[in-house]
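Take a look at the structure set out below.
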Ligand SMILES: [Mn+2]
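Residue numbers (the working numbering): 900 to 1246.
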């Protein structure tokens, strides 16, 4: 540990980002959540955590933007088998429903399967809740690595109840405000409907990158006083590094309270940065735009108290080491997110 050289290549047996930290030495705890049972279009995000960890070993630890995120220690816990098992069961039950285009009202097989899938979704929620509460009680930064975008519910819930008030900054191509999707209550497409519905301490939700949504979701964006959405076309019309763009960012961030959870769906980014993700959409944030948001959030003086990174899928042809372009982008984004959170806690 004393001899750790951040400039050296990752050593055999080292952890995420090639780091040597055990849990006791880490101020950041990352949990892998290989769950993608409700993914409606293309699966594979269950392989996100292992692919990101494989790719993370190539990330340089020096960071011009947020300093040395690794210095406080980062520890990764892979799934202990429970989430993998819940996912396996839920996927098998969900498959016939997804092929049918959603749960059918009069179909008792579907209705039974839905109940069991809901119970498995509840199990994930509770598991993530416990992990996050433990992190916060131990004064560690909780980081959830999906999996599909259904996984952070319990984490946001635990952080909101720990602090009493919380805002969420959501990066996403989709609004994720559906009231259940294809019959799945805890669907990836419903995560922020559920957050708004289930978490009374939720102060506000700011959405960035959104460019694909349903009519009822659009209405919710417009009418729910807790939701503020900067649509992707609105963002794209703002010139980089312009006062107008700064103003738009400050307006959005101004809706957030002091304590913020970042929920980053990789599909917020332009699809050439995440070609393997479940539901890619043209348009989206380029890398520097995403970084500008993180910098602005830190500069605003808000404190990032937890975060998730979801929907990274390694794609059909991962490298022999399990990594891929999607995972390389995911690993670098993860490092920056952790760096931004640490920087925000320093102030
Ligand atoms: Mn999403």
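The beta carbon of each residue, even a glycine, is placed where N, CA and C say it ideally should be. Note that the structure is predicted; figures quoted are calculated from it, not measured.
Across the set 908, 944, 1053 and 1235, the C-alpha of 944 shows the shortest separation from the C-alpha of residue 1213. Taken through DSSP and simplified to helix, strand or coil, residue 1013 comes out as helix. A distance of 7 Å or more separates the beta carbons of residue 1022 and residue 1226. Contact between residue 1046 and residue 934 holds, with the beta-carbon distance rounding to 4 Å and staying under 8 Å. By the Cβ-count criterion, residue 1207 is buried, with 16 or more other Cβ atoms from all chains shown falling within 10 Å of its own Cβ.
Under the 10 Å beta carbon count, residue 1162 is surrounded by 16 or more other beta carbons and is classified as buried. Not one heavy atom of ligand 1 is found less than 6 Å from the C-beta of residue 1187.
In this structure, residue 1062 lies near residue 1158, with their beta-carbon atoms less than 7 Å apart. For residue 1036, the closest of 915, 927 and 1106 by C-alpha to C-alpha distance is 927. Annotated three-state conformation of residue 1205 is strand, per DSSP. Residue 1048 has its Cβ nearer than 6 Å to a heavy atom of ligand 1.
About 7 Å separates the beta carbon of residue 914 from that of residue 974, a gap short enough to meet the 8 Å contact definition.
Following the DSSP letters along the chain, one finds residue 952 inside the alpha helix (DSSP H) bounded by residues 947 to 955. In the DSSP assignment, the residues bridged to residue 1128 are 1106. If you look at residue 1198, you'll find it in the alpha helix (DSSP H) that goes 1186 to 1198. DSSP lists 928 as the bridge partner or partners of residue 1041. In the three-state DSSP reduction, residue 1062 falls in the helix class (H, G or I). In the DSSP annotation of this structure, the continuous segment of the beta strand (DSSP E) that includes residue 975 starts and ends at 973 to 976.
Contact check for residue 1238 against residue 1183 fails: the beta carbons are separated by 7 Å or more.
With distances taken between CA atoms, residue 1210 lies nearest to 942 out of 1201, 1153 and 942. Secondary structure at residue 1234: helix, using DSSP grouped into helix, strand and coil. By the CB criterion at 7 Å, residue 1090 and residue 1160 fall outside the cutoff. Looking at the DSSP output, residue 1163 shares a beta bridge with 1070 and 1208. Around the CB of residue 1230, 16 or more other CB atoms lie within 10 Å, so the residue is classed as buried. Secondary structure of residue 1052 (DSSP, three-state): helix. When rounded, the separation of the alpha-carbon atoms in residue 1095 and residue 1143 is 30 Å. A distance criterion of 6 Å places the beta-carbon of residue 1092 beyond contact range of ligand 1, judged by its closest non-hydrogen atom. Taking a contact as a CB-CB distance under 8 Å, the pair residue 1155 and residue 1201 counts as one, their CB atoms being some 6 Å apart.
Residue 1111 has its CB no nearer than 6 Å to any heavy atom of ligand 1. Inclusion of residue 1071 in the 6 Å shell around ligand 1 follows from its C-beta lying nearer than that to a non-hydrogen atom of the ligand.
Taking a contact as a CB-CB distance under 8 Å, the pair residue 1180 and residue 1111 counts as one, their CB atoms being some 5 Å apart. Beta-carbon to beta-carbon, residue 1070 and residue 1189 are separated by about 7 Å, close enough to satisfy the 8 Å threshold.
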